[in-house]
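Protein chains in written order, with our numbering: chain A, 62 to 225; chain U, 62 to 225.
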């Protein structure tokens, strides 16, 4: 379990590594200026940099990459007991991923406003998600479908389901 | 560009495929009850099912999987000109991914409340994201770091940066 005291020297070590990765991402990796690490019991178990343009994957934000690598290292979809250090406040996609990964804590350095100033849409997406669906700029619509509950019924009926 | 009229017969075809995938995910794939497809000009270019537990990846929601596959098919991190059909209203992680992927439109069948009733945290995560950081149940904290702006400065200075 990571120590969460603000004066924890591990904080500085892990955050410096996230910031180093963010800078290397631009200068060597060809990706956006973001880096992240997942730490557990004083050790880094997953590192990530932004891979959106080099990998052609809009979901390959540093935090998502670090989470996926840490899960692979632990062979577990839960990162309970771990903390994430991000060079910048995570966007809503990555914040959602942090909840799904059951991370204990999130530490970040730059803010969503810093990201917006550098040309990234994080603040815009936060505003959009907080709107009612019909007020979002994204065209989104519920299509009433007769079979919409069938997958959930199959889930309830499935004896070997693994909750997550 | 997908036709967005509600009576578009393609809507039904694509949504039925998303729902079929969601049901198959439980019965054959060992994943959660969710499916999604990315469509472009009347064709499906990416399919996804929930792979969280089979792949040990908390980010492998059906929408994320479908987006990544569609991007691979187009060799592009932008899905502008495409629409996503999801068996259920996307969680905040996936909604964020939909914005980053520049999808034109999102159609869904079941709602976040249906997902919550089946035991999934989508509604909880929406509530959390809308809170101020200090009011969230997730422990999150900004660690002031001297070098926090260095990655953005490197980005500005990098002539070959690819915006996304």
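For every residue, glycine included, the Cβ atom is placed at its ideal position computed from N, Cα and C. On a predicted model such as this, the values are computed, not experimentally measured, just so you know.
What residue from the options has the CA that sits closest to residue i's CA?
i              : options                       : result
residue 167(A) : 100(A), 177(A), 85(A)         : 100(A)
residue 150(U) : 142(U), 143(U), 159(U)        : 159(U)
residue 91(U)  : 163(U), 117(U), 102(U)        : 117(U)
residue 178(A) : 89(A), 88(A), 144(A), 94(A)   : 94(A)
residue 123(U) : 140(U), 102(U), 82(U)         : 82(U)
residue 141(A) : 193(A), 102(A), 195(A), 96(A) : 102(A)
residue 97(U)  : 69(U), 143(U), 212(U), 139(U) : 143(U)
residue 148(U) : 75(A), 80(A), 146(A), 208(A)  : 208(A)
residue 146(U) : 80(U), 69(U), 216(U)          : 80(U)
residue 115(A) : 180(U), 75(U), 139(U)         : 139(U)
From residue i to residue j, what distance separates their C-alpha atoms?
i              : j              : result
residue 165(U) : residue 198(A) : 10 Å
residue 173(U) : residue 184(U) : 6 Å
residue 62(A)  : residue 71(A)  : Note that residue 62(A) has pLDDT 40, beneath the 50 cutoff, so the model's placement of it is unreliable and the number below is only indicative. So the alpha carbons of these two residues sit roughly 12 Å apart.
residue 176(A) : residue 221(A) : 43 Å
residue 66(U)  : residue 210(A) : With a pLDDT of 49 at residue 66(U), under the threshold of 50, the predicted position of this residue should be treated as unreliable, though the coordinate-derived value follows. Looking at the two C-alpha atoms, the distance is approximately 24 Å.
residue 3(U)   : residue 77(A)  : As shown, chain U starts at 62 and ends at 225. That puts residue 3(U) outside it, with no answer to give.
residue 84(U)  : residue 155(A) : 27 Å
residue 89(U)  : residue 223(A) : 13 Å
residue 110(U) : residue 186(A) : 24 Å
residue 204(U) : residue 193(U) : 17 Å
residue 182(A) : residue 120(A) : 13 Å
residue 73(U)  : residue 214(U) : 48 Å
residue 64(A)  : residue 201(U) : In this predicted model, residue 64(A) has a pLDDT of only 41, less than 50, meaning its place in the structure is not dependable; the value taken from the coordinates is given anyway. Those two C-alpha atoms are separated by around 13 Å.
residue 128(U) : residue 163(U) : 10 Å
residue 130(A) : residue 195(A) : 36 Å
residue 152(A) : residue 161(U) : 10 Å
residue 112(A) : residue 86(U)  : 28 Å
residue 69(A)  : residue 157(U) : 32 Å
residue 225(U) : residue 212(U) : 16 Å
residue 75(A)  : residue 216(U) : 21 Å
residue 180(A) : residue 180(U) : 37 Å
Residue i and residue j look like a contact to me (Cβ under 8 Å); what is the Cβ gap, rounded to whole Å?
i              : j              : result
residue 206(U) : residue 170(A) : 4 Å
residue 191(A) : residue 189(U) : With 8 Å as the limit, residue 191(A) and residue 189(U) do not qualify as a contact, their Cβ atoms being about 12 Å apart.
Along the alpha helix (DSSP H) that carries residue i, what are the first and last residues, could you check?
i              : result
residue 157(A) : 153 to 161
residue 82(U)  : 70 to 85
residue 132(A) : 123 to 135
residue 211(U) : 211 to 218
residue 120(A) : Residue 120(A) -> no alpha helix (DSSP H), and no H or E assigned at all.
residue 183(U) : 183 to 191
Starting from residue i and walking both ways along the beta strand (DSSP E), at which residues does that stretch end?
i              : result
residue 97(U)  : 96 to 101
residue 29(U)  : Past the boundaries of the shown model lies residue 29(U); chain U is included only from 62 to 225, so the question cannot be answered.
residue 202(U) : 200 to 203
residue 110(A) : 104 to 110
residue 147(A) : 144 to 149
Does the stretch 106 to 117 of chain A touch the stretch 129 to 146 of chain A, meaning 3 or more C-beta pairs lie closer than 8 Å? At 8 Å Cβ cutoff, the stretches touch.
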